[in-house]
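Notes follow the structure.
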Amino acid sequence: MAELMATMVVGPLVSMVKEKASSYLMEQYKVMEGMEEQHKILKRKLPAILDVIADAEEQAAKHREGAKAWLEELRKVAYQANDVFDEFKYEALRRKAKANWQYKMLGMDVIKLFPTHNRIVFRYRMGNKLRMILNAIEVLITEMNAFRFKFRPEPPMSSMKWRKTDSKISEHSMDIANRSREEDRQKIVKSLLSQASNGDLTVIPIVGMGGMGKTTLAQLIYNDPQIQKHFQLLLWVCVSDNFDVDSLAKSIVEAARKQKNCNERAEFKEVVNGQRFLLVLDDVWNREASKWEALKSYVQHGGSGSSVLTTTRDKTVAEIMAPPKEVHHLKDLNENFIKEIIERSAFNSEEEKRQSELLEMVGDIAKKCSGSPLAATALGSTLRTKTTKKEWEAILRRSTICDEENGILPILKLSYNCLPSYMRQCFAFCAIFPKDHVIDVEMLIQLWMANCFIPEQQGECPEISGKRIFSELVSRSFFQDVKGIPFEFHDIKDSKITAKIHDLMHDVAQSSMGKECAAIDSESIGSEDFPYSARHLFLSGDRPEVILNSSLEKGYPGIQTLIYSSQNEDLQNLSKYRSLRALEIWGGIILKPKYHHHLRYLDLSCSEIKALPEDISILYHLQTLNLSHCSNLHRLPKGTKYMTALRHLYTHGCERLKSMPPNLGHLTCLQTLTCFVAGACSGCSDLGELRQSDLGGRLELTQLENVTKADAKAANLGKKKKLTELSLGWADQEYKEAQR
1 MAELMATMVV GPLVSMVKEK ASSYLMEQYK VMEGMEEQHK ILKRKLPAIL DVIADAEEQA
61 AKHREGAKAW LEELRKVAYQ ANDVFDEFKY EALRRKAKAN WQYKMLGMDV IKLFPTHNRI
121 VFRYRMGNKL RMILNAIEVL ITEMNAFRFK FRPEPPMSSM KWRKTDSKIS EHSMDIANRS
181 REEDRQKIVK SLLSQASNGD LTVIPIVGMG GMGKTTLAQL IYNDPQIQKH FQLLLWVCVS
241 DNFDVDSLAK SIVEAARKQK NCNERAEFKE VVNGQRFLLV LDDVWNREAS KWEALKSYVQ
301 HGGSGSSVLT TTRDKTVAEI MAPPKEVHHL KDLNENFIKE IIERSAFNSE EEKRQSELLE
361 MVGDIAKKCS GSPLAATALG STLRTKTTKK EWEAILRRST ICDEENGILP ILKLSYNCLP
421 SYMRQCFAFC AIFPKDHVID VEMLIQLWMA NCFIPEQQGE CPEISGKRIF SELVSRSFFQ
481 DVKGIPFEFH DIKDSKITAK IHDLMHDVAQ SSMGKECAAI DSESIGSEDF PYSARHLFLS
541 GDRPEVILNS SLEKGYPGIQ TLIYSSQNED LQNLSKYRSL RALEIWGGII LKPKYHHHLR
601 YLDLSCSEIK ALPEDISILY HLQTLNLSHC SNLHRLPKGT KYMTALRHLY THGCERLKSM
661 PPNLGHLTCL QTLTCFVAGA CSGCSDLGEL RQSDLGGRLE LTQLENVTKA DAKAANLGKK
721 KKLTELSLGW ADQEYKEAQR
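Take the sequence shown: its letters are residues 1 to 740, numbered as in full-length UniProt numbering.
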């Protein structure tokens, strides 16, 4: 039986185009004048394609090349159409801004700012683009009819039966892990403790099939009270695919510094300083003995009994790192535990009626999992949405027994393929992050919003829909290690929700997105290996400009998401990437808003900027603007009030910011404002501007000596029920904090 592929995600892209093609705003400002007939034809054709995409995706997952090629072409056309309708919508917003006298406020050459302001030129240019898309759609429909794809419309998001979040699921998982791996834990802990007087470095590899619980076992050992007491320094580093000795050494030193609160330039030898340490290297793949020996010699500076605990799927890797007698082979989980995992994942809670005919099938399903707890959790979570014996039997038939060659990937892909298409799109996008990356959940949801992955729900804001989607994916084991990470600012304690993705689940996301999502280290990849067709890109390293310039030379400027979190180099050619929806960049930046009309997410946090360009106010689509910890920022643009789509504005940590721009109350969509600086100058917003805003989360108010009693009363802070934390600050006085 051919291995099941993770289905391509095309349906949500076409749905997105369908929604944008029906925008009321475009009708109101007549931006499609002269193109009405083409517009009507396109709106008729798109639903016909949407109705068969589910069948086409299923055919492609079964290795039918014709269906796969058809979907690839449809995805390409959908991206082009998405850009075109965003241009139409932007033109509508531009005309709306003109009607509101924004041009006069900007006081600059309109032709330079809006090269498409001439309506005749705009109509001609966009008419050609629309015609090309319509022609491509006609060809796709002809091919669609030839393939005879079946009519299988997907139910809308509104029909989704959201399960209640059960906080006991993770507790149950840890309980089972503790009970099922107790013997393994005790054996390894005993072995590590027995090496107390050993002057040589002890290495114990844990080897087993992916999804067998190697990392979970390593965590149990790492957090064992005896281990915590025995070792003076405990370090954890995820290795994954990149076993570069220099990079690993850097990661180990960073982990050690966090534990010891050391100087940034301290070397490993200085940090360890003869102390007994335990270093966990998670998910090792390197088969080159010379690299391992080089890393081993680097960490040979600990006290007696210092040890390295590794996890790997590869027996050869384990044998390179340690003698066979030291290798711990993780066996399949006992079938009784697998059945327990499936039952707890498949049935919502104790009070839910468990049908005896479904319970009787659990044993057969457990056999498919070959002792893998991750496979059991994924399969059980998929079955939770199935309520009849017929549905369970269908899943049982489609489940491939885990084997040595494919591991549990077929089961994980089946679990992924059973998700609604918009949920598959949201999860597949996570292939943009490197393996073991700590994902900021709030940021992730905003990135989903920026790329229009969250379907519109009447009466529900996209942030709530995004949280629902995330919670559902967590309950199905697509995310793990969900936790609140505390941090402090101005002695105010706060936290953010983070999550990780299991490396096998990351493989599922990557197989669905192909080369559309990529996490690239610009120092370790050559321009010939760069995925030039990537639309969502996570860049690290110190040479991004070289890689991106090479991308431009090859004619691939279609990047929609660009995350670059290094301060070592400025990106000079950003204006060439005109399809950007989301941009996160540190360091210096020359932002030219007139080339980035599609931007919805802009993160410039921790950068050295002193001010934003005034014409940033023409970014009418912008939803998130993160300026946190821009310590040199001294003002916000006066035209901020025109960015009416803005929902999240992060301004905390901007120490030199002295006031807020005028008429902030015009931002009626604003939900997050982390810091409001009450200014004393004329022309700035007073606190009363917050009266209509529906703010939530954390709000910091500073320079309150400039606030009158009337302004404070007008702000209506007491009625903002979504606020969870409010901190108050006066000049030269400590912050006062209130929490809900």
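Quick reminder that beta carbons are idealized off the backbone N, C-alpha and C, glycines included.
Counting C-beta atoms within 10 angstroms of its own C-beta, residue 681 has fewer than 16 neighbours from the protein chains shown and is therefore classed as exposed.
Within the same chain, and ignoring the five residues on either side of residue 626 in sequence, the residues whose Cβ sits closer than 6 Å to its Cβ are 603, 605 and 650. With contact defined as three or more Cβ pairs closer than 8 Å, the region 424-443 and the region 386-395 are not in contact. With a threshold of 16 other beta carbon atoms within 10 Å, residue 623 meets it and is buried.
Boundaries of the beta strand (DSSP E) harbouring residue 650: 648-650, taken from the DSSP string. Contact between residue 239 and residue 248 holds: their C-beta atoms lie close to 7 Å from each other, under 8 Å. Linking residue 644 to residue 414 through their CA atoms gives a straight-line distance of about 42 Å. Of the residues assessed, residue 151 falls on the exposed side of the cut-off, its CB having fewer than 16 other CB atoms within 10 angstroms. If you look at residue 585, you'll find it in the beta strand (DSSP E) that goes 582-585. Positions of the alpha helix (DSSP H) runs, each at least 4 residues long and wholly inside the region 289-368, are given as 289-298, 315-321, 335-346, 356-359 and 362-368 in order along the chain. Taking a contact to require three or more Cβ pairs closer than 8 Å, the region 68-82 and the region 16-36 qualify as touching.
Note that the C-beta distance between residue 278 and residue 243 is not below 8 Å. Distances from the CA of residue 383 to each of 373, 362 and 400 were compared; the closest alpha carbon is that of 362.
The residue from 694, 399 and 301 with its alpha-carbon nearest to that of residue 199 is 301. Judged by their CB atoms, residue 369 and residue 320 are not nearer to each other than the 8 Å cut-off. Contact annotation: residue 538 and residue 520 have beta-carbon atoms nearer than 8 Å. Boundaries of the beta strand (DSSP E) harbouring residue 536: 536-540, taken from the DSSP string.
For residue 270, the closest C-alpha among the options 175, 50 and 299 is that of 299. Note that the C-beta distance between residue 661 and residue 637 is below 8 Å. Bounds of the alpha helix (DSSP H) holding residue 119 are 119-147. Counting other Cβ atoms within 10 Å of its Cβ, residue 607 reaches 16 or more and is therefore classed as buried. The beta-carbon distance between residue 633 and residue 647, rounded to whole angstroms, is 20 Å. This is too long to meet the 8 Å contact definition.
In terms of Cβ geometry, residue 584 and residue 616 do not form a close pair [threshold 8 Å]. Judged by DSSP in its simplified three-state form, residue 625 adopts strand. Taking C-beta separations shorter than 7 Å and ignoring five residues to either side along the sequence, the partners of residue 688 in its chain run 711, 714 and 715, following chain order.
Residue environment: residue 153 is assigned as exposed (fewer than 16 neighbouring CB atoms within 10 Å of its CB, all protein chains considered). In this structure, DSSP gives residue 496 an extended state, which the three-state scheme calls strand. Cβ-Cβ distances below 8 Å link residue 695 to 670, 671, 672, 673, 720, 722 and 723 in the same chain, with the five nearest sequence neighbours on each side left out; the list follows chain order.
The secondary-structure analysis by DSSP pairs residue 675 across a beta bridge with 700. Short of 6 Å from the beta carbon of residue 100, and not among the five residues preceding or following it, lies no beta carbon of its own chain.
One Cα belongs to residue 322, the other to residue 296, and the distance between them is close to 11 Å. Taking the CA atoms as reference points, residue 316 sits about 52 Å from residue 654. Burial state of residue 683 is exposed, judged by a 10 Å Cβ sphere holding fewer than 16 other Cβ atoms. Contact between residue 453 and residue 12 holds, with the beta-carbon distance rounding to 6 Å and staying under 8 Å. Less than 8 Å separates the beta-carbon of residue 95 from that of residue 29. Contact between residue 235 and residue 255 holds, since their C-beta atoms are separated by about 4 Å, short of 8 Å.
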